[in-house]
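Comments concern the structure below.
Numbering (the working numbering), first residue to last: 362 to 665.
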């Protein structure tokens, strides 16, 4: 990626993360107020969910800024793993939220204190939340794909999960409103049950985010499909080179790293070998954008 392109990606990613911070702040305050007013544990669990999304959005904003900084004397390979650390922390926060939601919901079910006041207020707040999160998550997914940001993608998945949980709470509030009007107070027990359902939904998102972040932190190789594309490209160049070995790949935040040992005919000059490597690097970056590539040139082995 050119310096100009890298700067544009940094600006775009930071702007997207900042938008997520403000939207989550707005929704957290709104849900908290609605949950306290109605006494709904499912709305309060959604407020907690949005609060953790807010914390995740702040971490994503900080991680994106840090991860896009160029390499320096203390971080020779750049700062990409700050995004991976952010994703792991976000997953842990979600697990904390799950525990708090289940604790509160089970307490309500055991005590029998499940009465909801003004459930239509909850319907309105959850409707607003779903619409806002649909719009912001779409924007985050688009920007994360353009900038290859794990932190933004994790934040987008948080909000996408929040859309479905908000719709679930909205439906529950609507059922409670209808049941209350029809004289069936038992429908209020739906509220903590929905809260537990929310916990089960968001724990899956946490597991996926933590798995991907862990893979980056332990330098797991690139996905098999990407490695296959690299190998196919190298095979296409066999008429020009004699072979390759020790192909290694990894990812840190938005950056991908590829290194390999390249065998070339012994009669090639240093200049010719260098030109071949330059050509190969250009082709590899077309297949794997934003890749950092290191090629070690070796003369063809005598037994090859």
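Where is the CB? At the ideal position from N, CA and C, for every residue including glycine.
*Helix, strand or coil: how does DSSP classify residue 410 here?*
Your numbering for residue 410 matches position 49 in the chain shown. If DSSP states are grouped into helix, strand and coil, residue 410 belongs with the helices.
*asked:* What would DSSP say about residue 660, mapped onto helix, strand or coil?
replied: By one-based count along the chain shown, residue 660 stands at place 299. Correct three-state label for residue 660: strand.
*asked:* Rounding to the nearest angstrom, what Cα-Cα distance links residue 636 and residue 642 in this structure?
replied: In the chain shown, the residue the question calls residue 636 occupies position 275. In the chain shown, the residue the question calls residue 642 occupies position 281. Near 10 Å, if we compare the C-alpha coordinates of residue 642 and residue 636.
*Grouping DSSP H, G and I as helix and E and B as strand, with all else coil, what is residue 607?*
Within the chain shown, residue 607 is the residue found at index 246, counting from 1. Strand, per DSSP.
*Under 8 Å between the Cβ atoms of residue 491 and residue 524?*
Taking the chain shown and counting its residues from 1, one reaches residue 491 at position 130. Taking the chain shown and counting its residues from 1, one reaches residue 524 at position 163. Contact: yes.
*Look at residue 516 and residue 418 and say whether their C-beta atoms are less than 8 Å apart.*
As a first step, residue 516 is located in the chain shown; it is residue number 155 there, counting from the start. As a first step, residue 418 is located in the chain shown; it is residue number 57 there, counting from the start. Against a cut-off of 8 Å, the Cβ pair of residue 418 and residue 516 comes out as a contact.
_For residue 581 and residue 611, which I take to be in contact (beta-carbon distance under 8 Å), what is that distance rounded to the nearest angstrom?_
On the chain shown, position 220 is the one that residue 581 refers to. On the chain shown, position 250 is the one that residue 611 refers to. That belief holds up - the Cβ atoms of residue 581 and residue 611 are roughly 7 Å apart, short of 8 Å.
*For residue 655, name the three-state secondary structure that DSSP assigns.*
On the chain shown, position 294 is the one that residue 655 refers to. DSSP places residue 655 in strand when its eight states are reduced to three.
*Is residue 478 helix, strand or coil when you go by DSSP?*
The residue labelled residue 478 in the question sits at position 117 within the chain shown. Residue 478 falls in the coil class under three-state DSSP.
*Could you pull out every residue in the same chain whose Cβ sits closer than 8 Å to the Cβ of residue 409, ignoring the five residues on either side in sequence?*
Your numbering for residue 409 matches position 48 in the chain shown. Within the same chain, residue 409 has close Cβ partners 458, 461, 462.
_Own chain, CB closer than 7 Å to residue 607, minus 5 neighbours either side, in chain order_ = Locating residue 607 in the chain shown gives position 246, counting from the first residue. So the qualifying residues of the chain are 621, 622.
*Span of the alpha helix (DSSP H) holding residue 550?*
In the chain shown, residue 550 corresponds to position 189, counting from 1. Where residue 550 is concerned, there is no enclosing alpha helix (DSSP H), given that its DSSP letter is neither H nor E.
*To the nearest angstrom, how far is it from the Cα of residue 627 to the Cα of residue 657?*
Here residue 627 refers to the residue found at position 266 when the chain shown is read from its first residue. Here residue 657 refers to the residue found at position 296 when the chain shown is read from its first residue. If I take the Cα positions, the gap works out to 14 Å.
*Counting only the same chain and skipping the five closest in sequence on each side, list residues whose C-beta sits under 6 Å from that of residue 558.*
Locating residue 558 in the chain shown gives position 197, counting from the first residue. Excluding residues within five positions, none has a Cβ falling inside 6 Å.
_Close beta carbons around residue 389, own chain, < 7 Å, minus the five adjacent residues each side_ = Locating residue 389 in the chain shown gives position 28, counting from the first residue. Taken in chain order, the residues that qualify are 408, 411, 412, 415.
_So residue 466 and residue 556 are supposed to be a Cβ contact under 8 Å. How far apart are they, rounded?_
Start at 1 with the first residue of the chain shown, and residue 466 comes out as number 105. Start at 1 with the first residue of the chain shown, and residue 556 comes out as number 195. With a Cβ gap of about 4 Å, residue 466 and residue 556 count as contacting.
_Enclosing beta strand (DSSP E) for residue 649 [first to last residue]_ = The sequence position of residue 649 within the chain shown is 288, counting from 1. No beta strand (DSSP E) holds residue 649; DSSP gives it neither H nor E.
*Would you mind stating whether residue 422 and residue 370 have Cβ atoms separated by less than 8 Å?*
To locate residue 422, count along the chain shown from 1; it is residue 61. To locate residue 370, count along the chain shown from 1; it is residue 9. Taking 8 Å as the Cβ cut-off, residue 422 and residue 370 do not qualify as a contacting pair.
_Strand pairing of residue 617, partner residues [DSSP]_ = On the chain shown, residue 617 is found 256 positions in, with the first residue counted as 1. For residue 617, which the question treats as bridged, DSSP gives the partners 612, 652.
*Measure the C-alpha to C-alpha separation of residue 450 and residue 468 and round it to an integer number of angstroms.*
Here residue 450 corresponds to residue number 89 of the chain shown, with the count starting at 1. Here residue 468 corresponds to residue number 107 of the chain shown, with the count starting at 1. Their Cα atoms are separated by approximately 27 Å.
*Quick one: grab the DSSP three-state call for residue 579.*
As a first step, residue 579 is located in the chain shown; it is residue number 218 there, counting from the start. Residue 579: coil per DSSP, three-state reduction.
_Collapsed DSSP secondary structure at residue 598 in the structure displayed_ = Translated into the one-based positions of the chain shown, residue 598 becomes position 237. Looking at residue 598 - three-state DSSP - the assignment turns out to be coil, as it is neither helix nor strand.
*Out of curiosity, what's the CA-to-CA distance linking residue 402 and residue 544?*
Stepping through the chain shown from its first residue, residue 402 is reached at position 41. Stepping through the chain shown from its first residue, residue 544 is reached at position 183. Those two C-alpha atoms are separated by around 21 Å.
*asked:* Please tell me whether residue 583 and residue 445 are closer than 8 Å, where the distance is taken between their beta carbons.
replied: Residue mapping note: residue 583 aligns to position 222 of the chain shown, counting from 1. Residue mapping note: residue 445 aligns to position 84 of the chain shown, counting from 1. Taking C-beta atoms as the reference points, residue 583 and residue 445 fail to come closer than 8 Å.
*asked:* Any beta carbon from chain C within less than 8 Å of residue 575's own beta carbon?
replied: Looking for chain C here will not work: only one protein chain is present.
*Give me whichever residues DSSP pairs with residue 623 in a beta bridge.*
Residue mapping note: residue 623 aligns to position 262 of the chain shown, counting from 1. DSSP, once it has assigned bridges, lists 605, 658 as partnering residue 623.
_Cut-off 8 Å between Cβ atoms - residues of its own chain near residue 386, not counting five sequence neighbours on either side_ = Within the chain shown, the letter at position 25 stands for residue 386. Cβ within range, chain order: 415.
_Rounded C-alpha distance that separates residue 532 from residue 484_ = By 1-based counting over the chain shown, the position of residue 532 is 171. By 1-based counting over the chain shown, the position of residue 484 is 123. Cα to Cα, the separation comes out at about 8 Å.
_Contact set for residue 595: own chain, Cβ-Cβ below 7 Å, skip 5 residues either direction_ = Within the chain shown, numbered from 1, the residue matching residue 595 stands at position 234. 605, listed in sequence order.
*Which same chain residues, not among the five before or five after residue 489, have their C-beta less than 6 Å away from its C-beta?*
As a first step, residue 489 is located in the chain shown; it is residue number 128 there, counting from the start. Excluding positions up to five away in sequence, the list is empty.
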